[in-house]
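So the sequences go chain by chain: A and B. So the first sequence is numbered by full-length UniProt numbering: it starts at 1 and just counts up by one. So the second sequence is numbered by full-length UniProt numbering: it starts at 1 and just counts up by one. Backbone N, C-alpha and C define an ideal beta-carbon position, used for all residues, glycine too. Remember, predicted model here, so these are calculated numbers, not experimental data.
There are 2 protein chains.
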Amino acid sequence: MARMNEHFLKLTSSYLFSEIAKRVNTYKETHPEADIIKMGIGDVTLPLPEACIKAFHEAVDEMARAETFKGYGPEQGYPFLREAIAEGDYRSRGVEIDAEEIFISDGAKSDTANFQDLFSSDAKIAIQDPVYPVYIDTNVMAGRTGVFRNGRYEGVVYLPCVPENDFLPDPPKEKVDVVYLCYPNNPTGAVAPRDYLALWVEYARRHDAIILFDGAYEAFIRDPEIPRSIYEIPGAREVAVEFRSFSKTAGFTGTRCAYTVVPKECRVKDGEGRFHSLHDLWFRRQSTKFNGVSYPVQRAAAAVYTPEGQAQVHANIAYYMENARIFREALLGLGYACTGGENSPYIWVETGTDSWEFFQILLERAQVVCTPGAGFGKSGEGFVRFSAFNFREHVEEAARRISTVFSGATP
Amino acid sequence: MARMNEHFLKLTSSYLFSEIAKRVNTYKETHPEADIIKMGIGDVTLPLPEACIKAFHEAVDEMARAETFKGYGPEQGYPFLREAIAEGDYRSRGVEIDAEEIFISDGAKSDTANFQDLFSSDAKIAIQDPVYPVYIDTNVMAGRTGVFRNGRYEGVVYLPCVPENDFLPDPPKEKVDVVYLCYPNNPTGAVAPRDYLALWVEYARRHDAIILFDGAYEAFIRDPEIPRSIYEIPGAREVAVEFRSFSKTAGFTGTRCAYTVVPKECRVKDGEGRFHSLHDLWFRRQSTKFNGVSYPVQRAAAAVYTPEGQAQVHANIAYYMENARIFREALLGLGYACTGGENSPYIWVETGTDSWEFFQILLERAQVVCTPGAGFGKSGEGFVRFSAFNFREHVEEAARRISTVFSGATP
Chain A
1 MARMNEHFLK LTSSYLFSEI AKRVNTYKET HPEADIIKMG IGDVTLPLPE
51 ACIKAFHEAV DEMARAETFK GYGPEQGYPF LREAIAEGDY RSRGVEIDAE
101 EIFISDGAKS DTANFQDLFS SDAKIAIQDP VYPVYIDTNV MAGRTGVFRN
151 GRYEGVVYLP CVPENDFLPD PPKEKVDVVY LCYPNNPTGA VAPRDYLALW
201 VEYARRHDAI ILFDGAYEAF IRDPEIPRSI YEIPGAREVA VEFRSFSKTA
251 GFTGTRCAYT VVPKECRVKD GEGRFHSLHD LWFRRQSTKF NGVSYPVQRA
301 AAAVYTPEGQ AQVHANIAYY MENARIFREA LLGLGYACTG GENSPYIWVE
351 TGTDSWEFFQ ILLERAQVVC TPGAGFGKSG EGFVRFSAFN FREHVEEAAR
401 RISTVFSGAT P
Chain B
1 MARMNEHFLK LTSSYLFSEI AKRVNTYKET HPEADIIKMG IGDVTLPLPE
51 ACIKAFHEAV DEMARAETFK GYGPEQGYPF LREAIAEGDY RSRGVEIDAE
101 EIFISDGAKS DTANFQDLFS SDAKIAIQDP VYPVYIDTNV MAGRTGVFRN
151 GRYEGVVYLP CVPENDFLPD PPKEKVDVVY LCYPNNPTGA VAPRDYLALW
201 VEYARRHDAI ILFDGAYEAF IRDPEIPRSI YEIPGAREVA VEFRSFSKTA
251 GFTGTRCAYT VVPKECRVKD GEGRFHSLHD LWFRRQSTKF NGVSYPVQRA
301 AAAVYTPEGQ AQVHANIAYY MENARIFREA LLGLGYACTG GENSPYIWVE
351 TGTDSWEFFQ ILLERAQVVC TPGAGFGKSG EGFVRFSAFN FREHVEEAAR
401 RISTVFSGAT P
């Protein structure tokens, strides 16, 4: 019988969101009248910006006429979108990125999952803990880890993000080949100052490592001192790949568009020490395994870079960040230590208790749902994540409830 | 320095379509007045069906209002589309496929490329020759082959599709783990009779092999005796995965939607002989590495199954098949042996000469572009592929030209 990829057997079941759903449903059954507010989910609630809707419709109309119909597009995306990104997200901010270095895709999840295809199966990987599970799970599937034991996969270098290091772990002492970094961080909400990113670029250059930098939440950075791209750090073009998404920025979680920047200077080597362009390898991977993003979706994404699109996107982000401020103040008022919520849509809260226990108490006393930090990794224990992606009235109501219920005493 | 996946180095450059473009451009430079007709490309020319356009617009409007906005959808696709496919493409034709066995994706290219993720790295692969390059290239990248030598990758079982076997190669004598089959075939245009598919199902059951069946062109089958799905063969549910696409059927090459059927009975085993569900593994793979297809695109695809959608899709297919008939008759009139063009949009023509030489003669004498068969594999030498995806007037003009130029003497 055909043999399976046995590395899949090492995967621990991704029970986090299904366990949350199960517990919420159990509570609902015994409390059918309860008005439950979900503050745990990282999905947007505001509709697509009007500029995107307009461009989307226009492109659908192009698909309706033979003269303007579009068949197969370039696997790496249409030049109109790659140019708009290079100008709007990089050159206009003083960062030199060429349109040819940008690859359009259907999601930062796909790209952060697939990029490891390019590395040898024995590449040494470092990831942060707590972490977005895709980075680690895809490396498990590819056989770059040992088994899961005591909350960790063997053979992986974990970088604990904890209050003691302000959620900014130092580069490891040992040499690794590939490092996954995410800032503004999911789930901790921490942001990376310039000198912190510079430490990593220096580490990567010294050890010939590649940094896979997930910047899916960069649009939420409001502090002008915080870099929005790893390429703001000198020397990063040789060692860093950057992942970006329209999901949270422009509400594309259900529309699906993202991009990855692979500078032409990024190199890896083969077993005989010869250099190879990571850009060429990613192009080969994408052109072999992917057929590009839907044309109307690419037109909708390009509208983000029009003046109207920019104004609408900024308004949406401001709305979510006001949600974050409201909820964060309620938490601070109760005496909780919080990270994030200022330059990030996530608020990471130290509960001082088992994170599932806190989840349960919060659900039962306030009918508010959070995400237990333990679900993101061992170092997430003792924390929960709240998300600012919600309607204002729900956030205000959730803030009122926790302030009343927990007033005077943290649970 | 981070080490690369060295299996990428084994890949031969995919020069086929770039070489065609280069030769066409060279010809254009010296013959700027030439009216060149491209009969080689497998991309549709008719616009999206009206029913799809209407549903597409409506879904974009849903994305414009908070009350109807859709964020993250299920990774495996929305139930409305999976149900429509199960009913429209299977149950209504007497084939039992459950909606839960259908996974929606952005393309059959992605799915046929990614499915090999589920098998062990030493799985023995069989592919047809000539072949759609994605099947073999993705297995090369995954390390399941040796080096490329004399037109073949070592370690792969090739199944030559040649006139001697009516382009229907027998299952190999040896045991393989995974077989890629494509019918109606790209590039040969051959279709698989029921008893031929039954041979393969029997082989797969006997050797515990998995058949990866690419049915991207099934909608072009008009002969009621030819199975449109591998699941019409008893016993296939235990051993076959089927890939389908809206690309050629409904003109989605630039809109991007496809699906893969993984029956719940399909199993693989681990090193200790325990069985695992291929359906569960594919779900794990897709939910970890993919975030689903754009919601408006899924709505557009579902409209294919409305009465209007069906009528419009059938009209488009009839248009392309009339193109195929016209061009095929011109070729037959010149004395060429042709496969395909009756239940398939591709016509595979035995040229009797080197396929690049024929390409060049056809370009220079008739200003018609074909695809040299050698580009699809060693057994494609001596053949060229013509595609029916074009506008009627171009096909008629190309047919006229070859009939005039080659009349009385094959080139």
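Residues that residue i contacts on chain B, provided the C-beta gap is smaller than 8 Å
i: E6 (chain A); result: S120, D270, G271
i: V395 (chain A); result: By Cβ distance, chain B contributes nothing, its closest Cβ being about 14 Å from V395 (chain A), past 8 Å.
Own chain partners of residue i with C-beta closer than 6 Å, once the 5 adjacent residues on each side are dropped
i: Y27 (chain B); result: L363
i: P411 (chain B); result: Legend: pLDDT at P411 (chain B) = 48, less than 50; position of this residue unreliable, value from coordinates given subsequently. Within the same chain, P411 (chain B) has close Cβ partners I361.
i: L46 (chain A); result: G251, N316
i: A108 (chain A); result: A216, F243, S245, A258
i: L127 (chain B); result: It should be pointed out that residue 127 (chain B) corresponds to Ile in this sequence rather than to Leu. So the list reads Y135, I136, Y180, once near-sequence residues are dropped.
i: R3 (chain B); result: none
i: R358 (chain B); result: It is Phe, not Arg, that sits at residue 358 (chain B) in the sequence shown. Excluding sequence neighbours, F358 (chain B) sits near T351, V384.
Same chain, Cβ closer than 8 Å to residue i, five either side skipped, listed in chain order
i: Y72 (chain B); result: N291, G292
i: G151 (chain B); result: G377, K378
i: A86 (chain B); result: I97, D98, A99, E101, I102
i: F220 (chain A); result: P184, K248, I317, Y320, M321, N343, S344, P345
i: E225 (chain B); result: P193, R194
Unbroken alpha helix (DSSP H) run spanning residue i, endpoints
i: L362 (chain A); result: 355-366
i: Q286 (chain A); result: 278-289
i: F327 (chain B); result: 307-333
i: I402 (chain B); result: 392-405
i: L212 (chain B); result: Here L212 (chain B) belongs to no alpha helix (DSSP H); instead the beta strand (DSSP E) covers 210-214.
i: A198 (chain B); result: 194-207
i: F56 (chain B); result: 50-62
i: S110 (chain B); result: 108-114
i: I102 (chain B); result: I102 (chain B) -> not in any alpha helix (DSSP H); beta strand (DSSP E) instead, spanning 102-105.
Under 7 Å by beta carbon: chain A residues contacting residue i
i: H57 (chain B); result: H57, V60
i: T249 (chain B); result: Ordered by position in chain A, no residue passes the 7 Å Cβ test against T249 (chain B), which lies about 14 Å from the chain.
i: T138 (chain B); result: T288, K289
Partners in chain A for residue i, counting only beta-carbon separations shorter than 8 Å
i: T255 (chain B); result: M63, S294, Y295, P296
i: Y214 (chain B); result: One point to set straight first is that residue 214 (chain B) is Asp, not Tyr, in the sequence displayed. Under the 8 Å cutoff, chain A gives no residues; its nearest Cβ is about 14 Å from D214 (chain B).
Same chain only: Cβ atoms within 7 Å of residue i, ignoring 5 sequence neighbours per side
i: A123 (chain B); result: R144, D177, V178
i: N323 (chain B); result: A388, N390, R392, V395
i: F103 (chain B); result: Q76, G77, Y259, T260, V262, W282, Q286
i: P130 (chain A); result: C161, P187, T188, G373, F376, G377, S379, G380
i: T306 (chain B); result: A51
Boundaries of the beta strand (DSSP E) in which residue i is found, first to last residue
i: P160 (chain B); result: 157-160
i: T81 (chain A); result: Reading off the sequence shown, one finds Leu at residue 81 (chain A), where the question assumed Thr. Counting along the chain, L81 (chain A) falls outside any beta strand (DSSP E), though it belongs to the alpha helix (DSSP H) covering 79-85.
i: Q128 (chain A); result: 125-129
i: Y259 (chain A); result: 258-261
i: A388 (chain A); result: Per DSSP, A388 (chain A) belongs to no beta strand (DSSP E) and is neither H nor E.
i: V297 (chain A); result: No beta strand (DSSP E) holds V297 (chain A); the alpha helix (DSSP H) holding it covers 295-302.
Cross-chain neighbours of residue i in chain A, by beta carbon under 9 Å
i: R205 (chain B); result: Per Cβ cutoff of 9 Å: no residues; R205 (chain B) is ~10 Å from chain A at best.
i: F69 (chain B); result: V44, T45, L46, P47, L48, G251, G254
i: L11 (chain B); result: R284, T288
i: M321 (chain B); result: Neighbours of M321 (chain B) on chain A: none; closest Cβ ~18 Å, over 9 Å.
i: A66 (chain B); result: T45, L46, P47, F391
Where residue i meets chain B, residues with beta-carbon distance less than 7 Å
i: D177 (chain A); result: A2, R3
i: D208 (chain A); result: M1, A2
i: A123 (chain A); result: A2, R3
Contact list for residue i against chain B, beta-carbon separation under 9 Å
i: F358 (chain A); result: Result: empty, since nearest Cβ-Cβ is about 25 Å, beyond 9 Å.
Residue i at chain C interface by Cβ criterion, 8 Å
i: V134 (chain A); result: No chain C appears in this structure, whose protein chains are A and B.
- If you pair each beta-carbon of the stretch 204-211 of chain B with each one of the stretch 174-184 of chain B, do three or more pairs fall below 8 Å? Between the stretch 204-211 of chain B and the stretch 174-184 of chain B, the count of Cβ pairs shorter than 8 Å is three or higher; the stretches touch.
- Message: When you compare the stretch 338-347 of chain A with the stretch 315-330 of chain A, are there three or more beta-carbon pairs, one atom per stretch, that lie closer than 8 Å?
- Response: Cβ pair count under 8 Å is three or more, so yes.
- Message: Under 8 Å, CB to CB, which of the residues in the stretch 98-119 of chain B have a partner in chain A?
- Response: Going along the stretch 98-119 of chain B in chain order, one finds D106, G107, K109, S110, A113, N114, D117, L118, F119 with a Cβ nearer than 8 Å to chain A.
- Closer than 8 Å, Cβ to any Cβ of chain B: which residues of the stretch 42-53 of chain A, in chain order? D43, V44, T45, L46, P47, L48, E50, I53
- Any chance the stretch 51-63 of chain B sits against the stretch 219-239 of chain A, with 3 or more Cβ pairs inside 8 Å? no
- Message: Taking 8 Å as the cut-off, does the stretch 314-322 of chain B touch the stretch 295-306 of chain B (at least 3 CB pairs, one atom from each stretch)?
- Response: no
- Task: Give, in chain order, every residue of the stretch 71-82 of chain B whose Cβ lies closer than 7 Å to some Cβ of chain A.
- Result: G71, Y72, G73
- Query: Which residues, in chain order, does the stretch 23-44 of chain B contribute to contact with chain A at a C-beta distance below 8 Å?
  - Reply: D43, V44
- Counting pairs of Cβ atoms below 8 Å between the stretch 22-38 of chain A and the stretch 241-249 of chain A, do you hit three or more? In this structure the stretch 22-38 of chain A does not lie against the stretch 241-249 of chain A, because fewer than three pairs of beta carbons, one per stretch, are closer than 8 Å.
- Cβ-based contacts, 9 Å cut-off: residues of the stretch 276-310 of chain B near chain A: Within the stretch 276-310 of chain B, the qualifying residues are H276, L278, L281, R284, R285, S287, T288, K289, F290, N291, G292, V293, S294, Y295, P296, V297, A300.
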